[in-house]
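*Asks:*
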Ligand code: NAP
Ligand code: ZN
């Protein structure tokens, strides 16, 4: 075991604070990574505060991890000491169900093991990236081909990137399609960049008029202020696909009305309490679909990282020290982040 410094929430209503945890020595298939940067996902906040009612305490969040390999087991073939490596939202899955066989480990029929808050098939709680080091099975470790100088902006790709890339790919987003992205936060700003890079006409829906100029710079062709009924009315019946990243309950009918015949809206935001139920009539008259999507598989995460490296895509970030995390959470709740906080793990002393 190696003793590692970390930051943990001890209960739902206490701030995150310094914590020590033990990491296992790398086994034959394991990669040990010293963490350089860790992105701050809204899911970290939902978990730290037990908003999904399933948190195991102490909770060490963080599933947008990049770092350097500092040891490998003797059966590891894809990584060597000194390599850069990434870890996203999962560190294990059963490996033998139909979903795992098809590369959709996130839908593992036996339940994947989360990077944090993931009991290892009945075993102990897992601790995430708000820590100095992590040890992960090779098959759940990602290769990074971005320039090392851009490493901090790669971290958010491991969750925000794949969570938006996977549905955009699944619903075949590409040239000739009109795509809406709802919410310009960590996920949403990656959705805008990726849908733009895939060649779609991108419309960003935001509640924050002050983000309009940024949205254009990130790749949006049009901006719609979703609180303004007149602007929303102009967008009716024109979307092939809408990706909704909003972290709070809201009226999803307002967005279903914007889909054209056979269009789909996919929810990736996971609010603490449900959205009001959608109207049946919003769906049946144009054969519209409402769907959901969870992160992405490991092979697809690698594909996304390679796609982003090829297209020069990273996250727009604000690098923060570890002890800023509680303030960062408060700012995230006010939609005051451009567009992802990333913790510089060198500040975890
Ligand atoms: P975030 O950075 O806080 O962004 C959420 C955005 O939603 C905000 O920037 C804001 O955008 C908008 N928003 C917030 N409150 C709103 C409200 N009351 N009404 C309308 N819009 C509101 O969060 P994130 O890290 O992108 O995560 C978003 C959600 O996705 C979270 O619930 C998270 O847990 C979930 N998530 C799901 C998956 C998955 O696999 N499905 C993976 C990761 C995260 P504007 O200012 O532009 O309106
Ligand atoms: Zn996340």
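In our numbering, the protein residues as written are -14 to 334. The beta carbon of each residue, even a glycine, is placed where N, CA and C say it ideally should be.
1. Measuring straight from C-alpha to C-alpha, what distance separates residue 21 and residue 258?
2. Can you name, in chain order, every residue of its own chain whose Cβ lies under 6 Å from the Cβ of residue 59, other than the five neighbours on each side?
3. If you count every other CB in all the chains shown that lies within 10 Å of the CB of residue 137, and 16 or more means buried, which is it?
4. Quick check on this structure: which residue in 191, 256, 248 and 130 has the alpha carbon closest to the alpha carbon of residue 272?
5. Thinking just about the alpha-carbon of each residue, which of 260, 295 and 308 is nearest to the one in residue 129?
6. Please report the distance separating the alpha-carbon of residue 323 from that of residue 300.
7. Is it right to say residue 134 is buried, meaning 16 or more other beta carbons lie within 10 angstroms of its own, or is it exposed?
8. Does the ligand NAP have a heavy atom nearer than 6 Å to the CB of residue 172?
9. What residues does the ligand ZN have around it, judged by CB closer than 5 Å to any heavy atom, in chain order?
10. So does residue 86 have its beta carbon nearer than 6 Å to some heavy atom of the ligand NAP?
11. If you measure between the beta carbons of residue 346 and residue 24, is that distance less than 7 Å?
12. Measuring alpha carbon to alpha carbon, tell me which of 292, 270 and 145 ends up nearest residue 302.
13. Does the distance from the CB of residue 18 to the CB of residue 70 come in under 7 Å?
14. What residue range is occupied by the uninterrupted beta strand (DSSP E) comprising residue 269?
15. For residue 163, which residues from the same chain have a beta carbon less than 6 Å from its beta carbon, with the 5 sequence-adjacent residues on both sides left out?
16. Does the distance from the C-beta atom of residue 143 to that of residue 49 stay below 7 Å?
17. Could you pull out every unbroken beta strand (DSSP E) segment of at least 3 residues lying fully inside the region 140 to 204, listed in chain order?
18. According to the neighbour-count rule (16 or more other Cβ atoms, all chains shown, within 10 Å of its Cβ), is residue 102 buried or exposed?
19. Per DSSP, residue 69 is paired with what?
20. If contacts are defined as beta-carbon pairs under 8 Å, then residue 104 and residue 41 qualify, I think. What distance do you get, rounded to the angstrom?
21. Under the rule that 16 or more other beta-carbon atoms within 10 Å means buried, what is residue 240, buried or exposed?
22. Rounded C-beta distance between residue 115 and residue 328? I'm assuming under 8 Å.
23. Relative to the ligand COA, is the shortest distance from any of its heavy atoms to the C-beta of residue 253 smaller than 6 Å?
24. Answer with buried or exposed for residue 39, where buried requires no fewer than 16 other C-beta atoms within 10 angstroms of its C-beta.
25. Using beta-carbon positions only, say whether residue 93 and residue 85 come within less than 7 Å of one another.
26. I need the straight-line Cα distance from residue 192 to residue 202, nearest angstrom please.
27. Helix, strand or coil: which one does DSSP assign to residue 278?
28. Below 8 Å on the Cβ atoms is my guess for residue 282 versus residue 91; work out the distance and round it to an integer in Å.
29. Exposed or buried, which one is residue 132 when buried takes at least 16 other CB atoms within 10 Å?
30. Quick one: complete beta strand (DSSP E) runs, 3+ long, within the region -13 to 17?
31. Flag residue 193 as yes when its Cβ comes closer than 6 Å to any non-hydrogen atom of the ligand NAP, and as no otherwise.
32. My understanding is that residue -5 touches residue 43, with C-beta atoms under 8 Å, so please give their C-beta distance in whole angstroms.
33. Can you tell me whether residue 348 is buried or exposed, with buried defined as 16 or more other CB within 10 angstroms of its CB?
34. Between the alpha carbons of residue 122 and residue 263, how many angstroms are there, rounded?
*Replies:* The answer reads as follows:
1. 34 Å
2. 13
3. buried
4. 248
5. 295
6. 9 Å
7. exposed
8. yes
9. 26, 28 and 144
10. no
11. Any answer about residue 346 is impossible in this case: the structure gives the chain only from -14 up to 334.
12. 145
13. yes
14. Here residue 269 belongs to no beta strand (DSSP E); instead the alpha helix (DSSP H) covers 265 to 269.
15. 186, 223, 224 and 225
16. yes
17. 163 to 167 and 186 to 191
18. buried
19. 53
20. 7 Å
21. buried
22. 7 Å
23. Ligands displayed in this structure: the ligand NAP and the ligand ZN; the ligand COA is not among them.
24. exposed
25. yes
26. 18 Å
27. coil
28. 6 Å
29. exposed
30. -13 to -7 and 2 to 8
31. yes
32. 5 Å
33. Past the edges of the chain, shown from -14 to 334, lies residue 348, and the structure says nothing about it.
34. 41 Å
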